[in-house]
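S.K.: The letter at position 118 of the sequence shown is residue 586 when you use my numbering, and the numbering goes up by one with no holes.
Note that the Cβ used here is the ideal one computed from N, Cα and C, for glycine as well.
Computed from a prediction, not measured in an experiment: that's the story for all the values here.
Below you will find the structure I want to go over with you.
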Amino acid sequence: MFDNGYNPAHDGGLNPLQVGYTRMLAIRLDSDAETATIEWAHNLGYNSTIFGDADKLPSTNVLGCGWPNGGVLNDGSIASFDAEILEVTEDHEDAWNMKITGNPLARYNHSLTHSDKNDI
Numbered sequence: 469m470f471d472n473g474y475n476p477a478h479d480g481g482l483n484p485l486q487v488g489y490t491r492m493l494a495i496r497l498d499s500d501a502e503t504a505t506i507e508w509a510h511n512l513g514y515n516s517t518i519f520g521d522a523d524k525l526p527s528t529n530v531l532g533c534g535w536p537n538g539g540v541l542n543d544g545s546i547a548s549f550d551a552e553i554l555e556v557t558e559d560h561e562d563a564w565n566m567k568i569t570g571n572p573l574a575r576y577n578h579s580l581t582h583s584d585k586n587d588i
């Protein structure tokens, strides 16, 4: 499952809660008890609120993809990529990771729109 960190129910849907991180998840459902339990979670290191995916492979690895929101990583730095595709093991090791670039204006849009007005 792909958890984009977005909660539309917060504040009546007007100001959605941004959890601040995107995760790939493995969830166990118990239909008798009507519960869901997170069994595995892998934080991508950024918030990807619109697009992303996570699929468990026959190898038990998880194949996922994401796009850093506004080109910003969780630590506040600007991402050096526009999107990524990755395969992660159950032990959170990258089997492989491909970072995709091609639109530097999208990546740096955050720094241009959030600059200090005194610097302009």
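Identify the residues that DSSP records as bridge partners of residue 508: which are they?
M.R.: Note: residue 508 sits in a beta bridge opposite 494.
S.K.: Taking residue 566 as the reference, give the member of 548, 559 and 508 with the closest Cα.
M.R.: Closest by alpha carbon: 548.
S.K.: What span of residues does the beta strand (DSSP E) with residue 558 cover, start to end?
M.R.: Run containing residue 558: none; DSSP gives neither H nor E here.
S.K.: Tell me whether residue 544 is buried or exposed, calling it buried when 16 or more other Cβ atoms sit within 10 Å of its Cβ.
M.R.: Under this definition residue 544 is an exposed residue.
S.K.: Looking at the ligand SAH, does it come within less than 8 Å of residue 470, judged from the CB to the closest heavy atom?
M.R.: Because no ligand of any kind appears in the structure shown, any question about the ligand SAH cannot be addressed here.
S.K.: Taking only the alpha-carbon atoms, compute the straight-line gap between residue 530 and residue 489 and give it to the nearest angstrom.
M.R.: Near 18 Å, if we compare the C-alpha coordinates of residue 489 and residue 530.
S.K.: Which stretch, first to last residue, makes up the beta strand (DSSP E) that contains residue 531?
M.R.: Per DSSP, residue 531 belongs to the beta strand (DSSP E) from 530-534.
S.K.: Indicate the three-state DSSP secondary structure (helix, strand or coil) for residue 537 in the structure shown.
M.R.: The answer is helix: DSSP assigns residue 537 an H, G or I state.
S.K.: Kindly identify the DSSP beta-bridge partner or partners of residue 503.
M.R.: The partner list for residue 503 (beta bridge, DSSP) reads 498.
S.K.: Can you have a look at residue 522 and say buried or exposed, based on whether 16 or more other CB atoms are within 10 angstroms of its CB?
M.R.: By the neighbour-count rule (16 or more Cβ atoms within 10 Å), residue 522 is buried.
S.K.: Please name the residue in 515, 512 and 557 whose C-alpha comes closest to that of residue 524.
M.R.: The shortest C-alpha separation from residue 524 is found at 557.
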